[in-house]
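**Q**
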Amino acid sequence: MGQLGTGAGVGLGLVSCPQTLSDAADAPGWVGFLGFFAAWASYMTNSPTLIVMIGLPARGKTYVSKKLTRYLNWIGVPTKVFNLGVYRREAVKSYKSYDFFRHDNKEAMEIRKRCALVALEDVKAYLLEECGQIAVFDATNTTRERRDLILNFAKENAFKVFFVESVCDDPEVIAANILEVKVSSPDYPERNRENVMDDFLKRIECYKVTYQPLDPDAYDKDLSFIKVINVGQRFLVNRVQDYIQSKIVYYLMNIHVQPRTIYLCRHGESEYNLVGKIGGDTGLSPRGKQFAQALKKFIEEQEIVDLKVWTSQLKRTIQTAESLGVTYEQWKILNEIDAGVCEEMTYAEIEAKYPDEFALRDQEKYLYRYPGGESYQDLVQRLEPVIMELERQGNVLVISHQAVMRCLLAYFLDKSADELPYLRCPLHTILKLTPVAYGCKVETITLNVEAVNTHRDKPSLNSNNLPASQTPVRMRRNSFTPRASADTVKRPRHYSVGSKPLDTLGRSCKSVKNPQNPKLTPLPC
Amino acid sequence: MLGSPACPWASYMTNSPTLIVMIGLPARGKTYVSKKLTRYLNWIGVPTKVFNLGVYRREAVKSYKSYDFFRHDNKEAMEIRKRCALVALEDVKAYLLEECGQIAVFDATNTTRERRDLILNFAKENAFKVFFVESVCDDPEVIAANILEVKVSSPDYPERNRENVMDDFLKRIECYKVTYQPLDPDAYDKDLSFIKVINVGQRFLVNRVQDYIQSKIVYYLMNIHVQPRTIYLCRHGESEYNLVGKIGGDTGLSPRGKQFAQALKKFIEEQEIVDLKVWTSQLKRTIQTAESLGVTYEQWKILNEIDAGVCEEMTYAEIEAKYPDEFALRDQEKYLYRYPGGESYQDLVQRLEPVIMELERQGNVLVISHQAVMRCLLAYFLDKSADELPYLRCPLHTILKLTPVAYGCKVETITLNVEAVNTHRDKPSLNSNNLPASQTPVRMRRNSFTPRASADTVKRPRHYSVGSKPLDTLGPFPSLEARDGADQPQLQVGVQVVPSLCSPSPPSPAAVGGPL
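If you're matching them up, the sequences are chains A and B in order.
So the first sequence is numbered by the working numbering: it starts at 1 and just counts up by one.
So the second sequence is numbered by the working numbering: it starts at 526 and just counts up by one.
(1) Where do the N-terminal and C-terminal ends of the beta strand (DSSP E) with Asp138/A fall, by residue?
(2) Pull the bridge partners of Phe235/A from the DSSP assignment, please.
(3) Give the range of the beta strand (DSSP E) segment to which Glu577/B is assigned.
(4) At the level of alpha carbons, what is the spacing between His597/B and Val667/B?
(5) Taking 8 Å as the CB-CB limit, is Val558/B close to chain A?
(6) Return the chain-ordered list of same chain residues with a C-beta closer than 7 Å to the C-beta of Glu138/A, the five sequence neighbours on each side being excluded.
(7) Return yes when the C-beta of Leu72/A is under 7 Å from any heavy atom of the ligand FMN, and no when it is not.
(8) At 7 Å on the CB atoms, spell out the chain B contacts of Tyr250/A, in chain order.
(9) Sorted by chain position, which residues of the same chain lie with C-beta nearer than 6 Å to Ala602/B's C-beta, five sequence neighbours on each side aside?
(10) Quick check: is the beta carbon of Gln233/A nearer than 8 Å to any beta carbon in chain E?
(11) Using a Cβ-Cβ distance under 8 Å, would Ser42/A count as near chain B?
(12) Would you identify the three-state DSSP class for Asp775/B, choosing helix, strand or coil?
(13) For the beta strand (DSSP E) that contains Pro435/A, what are its first and last residues?
(14) Is it the case that the Cβ atoms of Asn671/B and Ala552/B are separated by a distance below 8 Å?
(15) Would you say Tyr766/B reaches chain A, if we count a Cβ-Cβ gap shorter than 8 Å as a contact?
(16) How would you list, in chain order, the residues of chain B whose beta-carbon sits under 7 Å from the beta-carbon of Val240/A?
(17) Between which residues of its own chain and Ala911/B is the CB-CB distance below 6 Å, once the five residues before and five after are set aside?
(18) Could you tell me the alpha carbon to alpha carbon distance between Tyr219/A and Gly834/B, rounded to whole angstroms?
(19) How would you list, in chain order, the residues of chain A whose beta-carbon sits under 8 Å from the beta-carbon of Leu891/B?
(20) When the Cα atoms are used, what is the spatial distance from Gln330/A to Pro572/B?
(21) DSSP three-state call for Arg456/A: helix, strand or coil?
(22) Show which residues of chain B have a CB atom less than 8 Å away from the CB atom of Ser184/A.
(23) Is there a Cβ from chain A that is less than 8 Å from the Cβ of Gly992/B?
(24) Let me know if Ala41/A comes out buried or exposed under the rule of 16 or more other beta-carbons within 10 Å of its beta-carbon.
(25) Is Asn732/B close to chain A? Criterion is C-beta to C-beta, closer than 8 Å.
(26) Under a three-way DSSP split, which group does Ala629/B fall into?
(27) Could you tell me whether any Cβ in chain A is nearer than 8 Å to the Cβ of Tyr737/B?
(28) If you draw a straight line from the alpha carbon of Val661/B to that of Asn689/B, how long is it in whole angstroms?
(29) Buried or exposed: which applies to Gly626/B, given that a residue is buried once 16 or more other Cβ atoms fall within 10 Å of its Cβ?
(30) Shorter than 8 Å from the beta carbon of Tyr354/A to some beta carbon of chain B?
(31) In chain B, which residues lie less than 9 Å from Tyr71/A when you measure between Cβ atoms?
(32) Is Ser541/B close to chain A, meaning its C-beta is less than 8 Å from at least one C-beta of that chain?
(33) With three or more beta-carbon pairs closer than 8 Å as the criterion, would you say the stretch 640 to 650 of chain B touches the stretch 554 to 567 of chain B?
(34) Helix or strand or just coil, what does DSSP make of Phe653/B?
(35) Answer yes or no: do Arg203/A and Leu223/A have a C-beta to C-beta separation smaller than 8 Å?
(36) In this structure, how does DSSP classify Gln824/B when only helix, strand and coil are distinguished?
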């Protein structure tokens, strides 16, 4: 472990992964591996955090839980939702009526509490054994008794707790939510709108009897929480403890639930696309210009209200946008991934000139950082403000680049770091994203203008001439861009497998062994 | 003119100007928040100005006698105070409508609905957006500390007798309490946009955030704190490229650079700083400097030096020879000038914004960065303008120690007595340009901006720069008359410093000849 640095990984949430830690003791590859899953998340929070939702049914708790979880995973913080409804349906196979939720239904209350305890056990396993950083406990948690139980549980395990309470008095919002997501709930297999509405409203009444909202002035004044009032019209924020909580608060204050559509596409085919070179800053090929015209026609046909158009600051996206004849905005941070020394080369040239680099990138494409350039992980961090601004906006067309579009798409479709660098984003193809219920509908529109294929699939492991069980992970990960936490506990800097921090621009990688932990096997093949 | 330096990309952030209205009893930190927020907004490029009612009142009533002036039943004084408010609002109007201001901060108590309604009407007439920032604090210790920190030295109390001031000021607060109507989120004020900051950031109530800039303000206010702490800024030790006068690149430390790293280690140890965090860029020269300290440190990619694009790894003389037009352009408008394929100082400020936000959240931090980066960070803390920023003096082997005091920041310069080259290049005097001063050409290549887009749906035309169309801007730029070479530096912007505590010798004698 010597060259990994003193106590590498302590605080990496590793404290919370004892099993992995012992595995790692004689496995030099471990930091890199963990890096793969924990990413720089670990620098954001010292102790795992339990986010506890609060609110009557149909207040958007599940919506917020899922969306927040998707965001946190995307920025690199391993997060998972634990939905109590799922546990309850597991315990009580068939739901009959709101009677189950009456506060004087002793038997049902007992079942419900047991479900909560089982869910919390799973939370514990996730945060302590599975390297999770944040668990979102998605349940009503409307009574002080239940919340005190959770607080005790968290205290025993040294988890931080942050409450997110959704308060909504607008009957129209509630009715819309019931129709949107509850009618299709497994609780109501018959899906009769009126019956569901009727039963569900009674279910809400059951909870109202015992609902004790967070009391910021007395009982709950020392807790850390945000109250989201009437779908983002107002927020009460109390005792934010650290960086990640402040980040969560900022995210919740920026999302909205208005219907809108996001269009993602790449620039038209460029001159470099034609010759297979990556990077650079060339203009459009004749077919690229044709695409720009086709895009103009498509956008006009869609008749989109108040469409904003965003491009990068590279010629190929600007030329594509110029054809539209509409106002657009250029974002430098939408520029394509920086391929460093490999800029303006073909893949064949890279393979010839930098064979080690080429092999490295194939092995761990998400984390691989081009010498002097960026990794996909770097790109995700760079794009975070774009995502935040997309959340604030209405209809937007983003004309970007292959790697950039993959990162944006991964956010909306909740794709993992494994899948992200291989998402298919062909030239001359538009992806239309529409938020629906808890997810995002994707339509693919091909504009029938031919273009070269720039996609490169992950080579199969066999072609690497390496036994699958010994996949080397030779990452050059000497550094991280910290989203430092507010905590003052010092954590050692952590470098990557086989490379010392100062030498990392040279090629000092060497092969290491897989720690043989199936949970941490980084390569899906 | 679009793109004039007076109105940078600020205009893309908010469509209509915004009036930020402070609310709160005296000694609730309104002025502290106003000044700090204004400094931040100006730094990120939104022209912002504070209008402090106390200044207007002292202008109108030259000498303050006692709290009696602030009694709500003092009719004559009330009349004067209202007139002052109206005068201040007229100035707000001029600033936002005629002087390219984007945000005005009205720093006054504004504790009554009557006064706030008057302001709301004023804003409506002028189509300004209004965002209220109310500071509520019940902690007597916090209030007493604030009075001692900033009120004892107020022009209202020339004698500066602590006890008398405290006594009079507490009575003054009582005068306001009689008529104070806090924002009522549930009824009267429920449709207003505001943030209530409760007990110095312990709790926040945020209502109806209208747009991007308001959301940004809220995020900033939620991240700042008032705990005492110290920030140390320095550059890497002298690098191999420094020695040969090349900019950019990624070389290691020179022998003297390594000496500095050792001296820095000693200095940091002597300071005995509690829980010091050390941040570096991801370039070798800052990493090597930090490695010598023997402490944990964090690398930030966004702390990397300004990207000089095609001019990376060249000397200034080489740049002037190879790209004479570029070289001249940069001298004319250094803040906005973007290296071809690289960055401008303006780009750099945007890149560094998360660093500033995180610095605000942290305690004691040592940031080991680079000349241009350090200038940007320093400009934030010392409230320097975009004109001054690129010329701030940040010599090698010199540490700036920043300590927040009252409404500002105390700076101490510590020179560690390890010689290094001088990398500073003053702004050439205008005369050497062979251009009449009155006709200074500002022909910036500013075809684009990185939008901090507003939530507004009104479309605004994209704006290109003087003399350049958006698509051609990466091509050759119309040439300018080349400079005749640098004359005597005309403008020198120094950092205001408190005399060094640790080193008797000023930095300049240590400097040897650098590039140009």
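No residue lacks a Cβ here, since even glycine has one placed at the ideal position from N, Cα and C.
If you're wondering where the values come from, they're calculated on a predicted model, not measured in any experiment.
**A** Let me lay it out:
(1) Sequence index remark: in the first sequence, residue 138/A carries index 138 (1-based). Element bounds for Asp138/A: Ile134 to Asp138.
(2) Counting from one through the first sequence, the residue named residue 235/A turns up at place 235. Beta-bridge pairing links Phe235/A to Val228/A and Val731/B.
(3) Taking the second sequence and counting its residues from 1, the one referred to as residue 577/B is at position 52. Inspection of the sequence shows that residue 577/B is occupied by Asn rather than by Glu. That run of the beta strand (DSSP E) goes Thr573 to Asn577.
(4) Working through the second sequence from its first residue, we reach residue 597/B at position 72. Working through the second sequence from its first residue, we reach residue 667/B at position 142. In a straight line, the C-alpha of His597/B is about 25 Å away from that of Val667/B.
(5) Position 33 of the second sequence holds residue 558/B. No, Val558/B does not count as interfacial toward chain A.
(6) To locate residue 138/A, count along the first sequence from 1; it is residue 138. Per the sequence shown, residue 138/A should be read as Asp rather than Glu. Excluding sequence neighbours, Asp138/A sits near Met53, Lys61, Thr62, Ser65, Val81, Phe82, Asn83 and Leu84.
(7) Within the structure as shown, the ligand FMN is missing, as the structure has no ligands at all.
(8) Counted from its first residue, the first sequence places residue 250/A at position 250. Ordered by position in chain B, the residues that pass the 7 Å Cβ test against Tyr250/A are Tyr744.
(9) Here residue 602/B refers to the residue found at position 77 when the second sequence is read from its first residue. Cβ within range, chain order: Phe594.
(10) The structure shown contains no chain E; its protein chains are A and B.
(11) Walking along the first sequence from the start, residue 42/A turns up at place 42. Low per-residue confidence applies at Ser42/A: pLDDT is 36, beneath 50, and the placement is therefore not dependable, though the value from the model is reported in the following sentence. Chain B contact via Cβ: absent.
(12) The residue labelled residue 775/B in the question sits at position 250 within the second sequence. Here Asp775/B sits in coil by DSSP.
(13) The count along the first sequence starts at 1 and reaches residue 435/A at position 435. Looking at the DSSP string, the run of the beta strand (DSSP E) that includes Pro435/A is Thr429 to Val436.
(14) As a first step, residue 671/B must be located in the second sequence, where it is residue number 146. As a first step, residue 552/B must be located in the second sequence, where it is residue number 27. A contact, by the Cβ cut-off of 8 Å.
(15) Indexing the second sequence from 1 puts residue 766/B at position 241. No, Tyr766/B lies away from the interface with chain A (no Cβ there is under 8 Å from its Cβ).
(16) Your numbering for residue 240/A matches position 240 in the first sequence. Here the neighbours are Met747.
(17) Position 386 of the second sequence, counted from the first residue, corresponds to residue 911/B. Excluding positions up to five away in sequence, the list reads Tyr860.
(18) In the first sequence, counting from the first residue as 1, residue 219/A sits at position 219. In the second sequence, counting from the first residue as 1, residue 834/B sits at position 309. Their Cα atoms are separated by approximately 58 Å.
(19) The sequence position of residue 891/B within the second sequence is 366, counting from 1. Within 8 Å Cβ-Cβ: nothing; Leu891/B doesn't reach chain A, min ~13 Å.
(20) Within the first sequence, the letter at position 330 stands for residue 330/A. Within the second sequence, the letter at position 47 stands for residue 572/B. Rounded to whole angstroms, Gln330/A to Pro572/B spans 21 Å at the Cα level.
(21) What you label residue 456/A is simply residue 456 of the first sequence in a count that begins at 1. It is coil, neither helix nor strand.
(22) Counted from its first residue, the first sequence places residue 184/A at position 184. Residues of chain B passing the Cβ test: none, with the nearest at roughly 31 Å.
(23) The residue labelled residue 992/B in the question sits at position 467 within the second sequence. Summary for Gly992/B: the model assigns pLDDT 27, below 50, so the residue's position carries little reliability, and this model does not support an answer.
(24) Sequence index remark: in the first sequence, residue 41/A carries index 41 (1-based). In this predicted model, Ala41/A has a pLDDT of only 33, less than 50, meaning its place in the structure is not dependable; the value taken from the coordinates is given anyway. Flag for Ala41/A reads buried.
(25) On the second sequence, position 207 is the one that residue 732/B refers to. So, interface residue.
(26) Taking the first residue of the second sequence as position 1, residue 629/B is located at position 104. In this structure, Ala629/B counts as strand in the three-state DSSP scheme.
(27) In the second sequence, residue 737/B corresponds to position 212, counting from 1. So yes, Tyr737/B belongs to the interface.
(28) Taking the first residue of the second sequence as position 1, residue 661/B is located at position 136. Taking the first residue of the second sequence as position 1, residue 689/B is located at position 164. Each residue's Cα considered, the two are about 25 Å apart.
(29) For this step, residue 626/B is matched to residue 101 along the second sequence. Looking at its Cβ environment, which holds 16 or more other Cβ atoms inside 10 Å, Gly626/B is buried.
(30) Reading the first sequence from its first residue, position 354 is the one you call residue 354/A. No - not a single Cβ of chain B is within 8 Å of the one on Tyr354/A.
(31) Along the first sequence, read from residue 1 onward, the residue named residue 71/A stands at position 71. Those do not exist, as Tyr71/A stays about 15 Å from chain B at its closest Cβ, beyond 9 Å.
(32) Here residue 541/B refers to the residue found at position 16 of the second sequence. No - not a single Cβ of chain A is within 8 Å of the one on Ser541/B.
(33) no
(34) For the purposes of this step, residue 653/B is taken as the residue at position 128 of the second sequence. Phe653/B: coil per DSSP, three-state reduction.
(35) To locate residue 203/A, count along the first sequence from 1; it is residue 203. To locate residue 223/A, count along the first sequence from 1; it is residue 223. Going by C-beta atoms, Arg203/A is not nearer than 8 Å to Leu223/A.
(36) For the purposes of this step, residue 824/B is taken as residue 299 along the second sequence, with counting starting at 1. Strand at Gln824/B.
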